[in-house]
Amino acid sequence: DDDGGQSSDDDGDDDGNVFSGSERVQLPMSSPNKNLDFECPDCKDETTPKTFESKRKLKDHRQDFHSNKCRVRLPDSKEPMEVPRANGCFACPLCDKKIKVARGLKKHIKRNNCHEKTDDDVESIHLDEETDDEVEPINFDEKNDHEATSERASLQDLNVNDEPIVPSKRSLDELILTACGQLDGSNREKKKTLLFVEGYELSPVSLSTKAGTNYTLLAHESILGELSTDGPVEVTVDPSLLLRNPENTFCS
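Position in the sequence shown (from 1) plus 31 gives the number in my numbering.
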């Protein structure tokens with residue numbers, strides 16, 4: 032997740048003056064103090080009010096956390112719809128998931144995280160908006176051709192936490208990229224990796240040895256319950272299905 036504090040109004044709509052606090056804040060047009068911080072007038076209940084180095088970052092913060100509504104565009108709709116904030120959260124109109132940040136709601140819907148995906152949907156998400164390049168899906172019909180080259184790695188004395196780790200979208204993406212050896216890859220390679228993993232519904236699982244070595248593997252939800260929590264765990268590594276660094280990537 033690469034928000035970077037920049038505006039992310041994906042639909043080209045401006046939420047306007049819909050903040051829950053006071054009227055639109057009047058910011059100074061200029062100041063002799065170039066290091067002036069812009070304080071959020073809506074964070075009044077906090078001990079230390081949030082300040083921002085630019086008007087744009089302040090505006091983005093207020094739209095994300097203090098706007099009363101968020102305009103989103105659903106996958107099969109040509110017109111945007113307004114989602115109201117209730118009890119501090121936006122409810123996704125597709126799956127009712129509660130999301131606190133307006134930008135997070137837009138990304139949640141844009142990434143097709145909440146409705147059943149068709150093949151066309153899977154191929155279109157996570158691609159750069161500025162390119163028409165497509166990503167070829169993995170052809171699992173050819174799996175038998177390279178089974179002979181599969182490597183087997185035994186991870187001794189592993190304690191397995193077979194609960195998918197999803198505290199936030201950003202940390203989930205980081206876990207997936209780590210498991211696929213793409214954490215330091217280019218933005219395009221990262222997007223390809225996330226596309227493949229989301230298309231095949233794999234979840235990251237954290238493994239740790241008694242010596243303190245940590246691994247991350249990807250597993251389908253259907254086999255998470257089969258992972259042993261006592262004794263050695265043997266994981267089959269198929270290099271042809273891995274995007275990079277098969278020696279350090281464990282996929283089940």
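Virtual Cβ for every residue (Gly too), placed ideally from N, Cα, C.
For Asp73, does the count of other Cβ atoms within 10 angstroms reach 16, so buried, or fall short, so exposed? Residue mapping note: residue 73 aligns to position 42 of the sequence shown, counting from 1. That one is buried.
Per the DSSP calculation, Thr82 is bridged to which residue(s)? The residue labelled residue 82 in the question sits at position 51 within the sequence shown. Paired residue(s): Glu70.
Run through DSSP, which three-state label would Val103 get? Taking the sequence shown and counting its residues from 1, the one referred to as residue 103 is at position 72. The three-state reading of DSSP puts Val103 in strand, counting E and B together.
In the DSSP assignment, the beta strand (DSSP E) including Glu113 goes from what residue to what residue? Mapped onto the sequence shown, residue 113 falls at position 82. Segment 112-117, the beta strand (DSSP E) holding Glu113.
Residues near Thr224 by beta carbon distance below 8 Å, same chain, minus five either side: As a working note, residue 224 is residue 193 in the sequence shown. Cβ-Cβ distances below 8 Å link Thr224 to Ile207, Leu208, Cys211, Gln213, Gly216, Leu274 in the same chain, with the five nearest sequence neighbours on each side left out; the list follows chain order.
Three-way DSSP call (helix, strand, coil) for Lys128 in this model: As a working note, residue 128 is residue 97 in the sequence shown. In the three-state scheme derived from DSSP, where H, G and I count as helix and E and B as strand, Lys128 is classed as coil.
Give the range of the beta strand (DSSP E) segment to which Cys120 is assigned. Translated into positions along the sequence shown, residue 120 becomes position 89. Here the beta strand (DSSP E) through Cys120 covers 120-122.
If I measure Cβ to Cβ from Cys101 and keep anything under 6 Å in the same chain, skipping five residues before and after, which residues do I get? Numbered from 1 along the sequence shown, position 70 holds the residue referred to as residue 101. Once the five neighbours on either side are set aside, the close Cβ partners of Cys101 are Val114, Phe121, Ala133, Leu136.
Do Leu249 and Val228 have their beta-carbon atoms positioned less than 9 Å apart in this structure? Working through the sequence shown from its first residue, we reach residue 228 at position 197. Working through the sequence shown from its first residue, we reach residue 249 at position 218. Yes, these two residues count as a Cβ contact at 9 Å.
Counting C-beta neighbours from all protein chains within 10 Å, is the total for Ser98 16 or more, i.e. buried, or is it exposed? As a working note, residue 98 is residue 67 in the sequence shown. Here Ser98 is buried. Its C-beta has 16 or more other C-beta atoms within 10 Å.
Answer with buried or exposed for Cys71, where buried requires no fewer than 16 other C-beta atoms within 10 angstroms of its C-beta. Looking up residue 71 in the sequence shown gives position 40. Result: buried.
Taking DSSP as the reference, what is the three-state secondary structure of Leu136? By 1-based counting over the sequence shown, the position of residue 136 is 105. It is helical.
Just list the residues that DSSP pairs Leu210 with in beta bridges. For the purposes of this step, residue 210 is identified with residue 179 of the sequence shown, where counting begins at 1. According to the sequence displayed, residue 210 carries Ala and not Leu. DSSP lists no bridge partner for Ala210.
Delimiting residues of the alpha helix (DSSP H) encompassing Gly230: Numbered from 1 along the sequence shown, position 199 holds the residue referred to as residue 230. For Gly230, the enclosing alpha helix (DSSP H) starts and ends at 218-230.
Can you round the beta-carbon distance between Phe96 and Ser85 to whole angstroms, since I take them to be within the 8 Å contact cut? Counting from 1 along the sequence shown, the entry for residue 96 is found at position 65. Counting from 1 along the sequence shown, the entry for residue 85 is found at position 54. The pair is not a contact, with the Cβ atoms about 17 Å apart (cut-off 8 Å).
Spatial neighbours of Arg116 within its chain, please: C-beta separation below 6 Å, excluding the five flanking residues on both sides. Translated into the one-based positions of the sequence shown, residue 116 becomes position 85. Cβ within range, chain order: Asn99.
Using the rule of at least 16 other Cβ atoms within 10 Å of the residue's Cβ for burial, across every protein chain shown, is Asp91 buried or exposed? To locate residue 91, count along the sequence shown from 1; it is residue 60. With 16 or more neighbouring CB atoms inside 10 Å of its own CB, Asp91 falls in the buried class.
Which of the three DSSP states, helix, strand or coil, is assigned to Ser108? The residue given as residue 108 occupies position 77 in the sequence shown. Under the three-state reduction of DSSP output, Ser108 falls in the coil class, being neither helix nor strand.
Please classify Asp204: is it buried, with 16 or more other beta-carbons within 10 angstroms of its beta-carbon, or exposed? As a working note, residue 204 is residue 173 in the sequence shown. In summary, Asp204 is buried, with 16 or more beta-carbon neighbours lying within 10 Å of its beta-carbon over all protein chains present.
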